[in-house]
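Note that the protein sequences, when read in sequence, are chains R and W.
Going by the numbering used here, the letters in the first sequence line up with residues 16 to 130, in that order.
Going by the numbering used here, the letters in the second sequence line up with residues 6 to 121, in that order.
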Amino acid sequence: AQSVTQLGSHVSVSEGALVLLRCNYSSSVPPYLFWYVQYPNQGLQLLLKYTSAATLVKGINGFEAEFKKSETSFHLTKPSAHMSDAAEYFCAVRARGSSASKIIFGSGTRLSIRP
Amino acid sequence: GAVVSQHPSWVICKSGTSVKIECRSLDFQATTMFWYRQFPKQSLMLMATSNEGSKATYEQGVEKDKFLINHASLTLSTLTVTSAHPEDSSFYICSAKLAGATDTQYFGPGTRLTVL
């Protein structure tokens, strides 16, 4: 079964600092991996996804994530945090091989940005 | 493109009443839609998978008679919370998968349900 673990329920960084949100997955074969962002009282917006091409995936708003099979990780990074990045971030996984298989979400990491 | 809407965005109802939430894919056809619920400061939990024209597949522990799902067209799925109770108060989010797509779901903005 697929699962994802997000390390750290809350991360706080200063504006302009590096953002690093950690995600590790568990899967017998490399799955599809996603990062979503959720602003208060809103739905989820896809930041980026890994399907099987380049291991370094670039997303929207300057975010990127690197798929590392040896570490079973898919950490999300952004070189310079902006106040508007404050939100809840979810790592998610979906198994390959079935177009209708469900997405499993991590527990989420709340990102706060200090002025 | 790929916009999903939900209606209403929030609803308050009395205990024992039923509430219907609509999920629409505005500019694409969605053969599969998903319904999630999210409790405060928690992750999304999949409730059911809905395929157009067929019965929904519910996750373990989700009461199908309480959470009625209808997916009558390629652009509309509805979730009806029957005989709602305060413990059903939650944020309900739907997502839709493009027909033929393999991995991307597009999420609606969510519906905040409060049962008094």
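Just so you know, even glycine gets a beta-carbon here, dropped at the ideal spot from N, CA and C.
Since the structure is predicted, the reported quantities are computational estimates derived from the model, not experimental observations.
- Rounded to the nearest angstrom, the Cβ distance from leucine 36/R to valine 26/R is 6 Å, consistent with a contact under 8 Å.
- Taking CB atoms only, asparagine 39/R has no neighbour in chain W less than 9 Å away.
- Close partners of isoleucine 118/R in chain W (Cβ separation under 7 Å): Gln110.
- Rounded to the nearest angstrom, the gap between the Cα atoms of leucine 22/R and threonine 124/R is 8 Å.
- Taking C-beta atoms under 8 Å as the contact rule, alanine 89/W and serine 23/W qualify, at a distance of about 7 Å.
- The Cβ-Cβ distance between tryptophan 40/W and isoleucine 17/W does not fall below 9 Å.
- Under the 8 Å Cβ criterion, the stretch 93 to 109 of chain R counts as touching the stretch 53 to 66 of chain R, having at least three qualifying pairs.
- Here the stretch 74 to 81 of chain R makes contact with the stretch 92 to 100 of chain R; the two share three or more CB pairs at distances below 8 Å.
- Under the Cβ distance rule, isoleucine 17/W does not count among the residues neighbouring chain R, no pair being separated by less than 9 Å.
- Per DSSP, the beta-bridge partners of tyrosine 41/W are Leu51/W and Ile98/W.
- In terms of Cβ geometry, alanine 101/W and serine 30/W form a close pair [threshold 9 Å].
- Between the alpha carbons of leucine 61/R and tryptophan 50/R lies a gap of roughly 6 Å.
- For threonine 87/W, same chain residues with a beta-carbon under 8 Å away, outside a window of 5 residues either side, are Ser23, Asp70, Lys71, Phe72 and Leu73 in chain order.
- In this structure, DSSP gives serine 43/R a state outside helix and strand, which the three-state scheme calls coil.
- Interface residue (Cβ-Cβ distance to chain W less than 9 Å): glutamine 60/R is classified as such.
- Contact check for serine 41/R against valine 19/R passes: the beta carbons are separated by less than 9 Å.
- Sequence-distant partners of lysine 64/R (beyond 5 residues in either direction) whose C-beta falls short of 6 Å from its own C-beta, in its chain, are Phe49.
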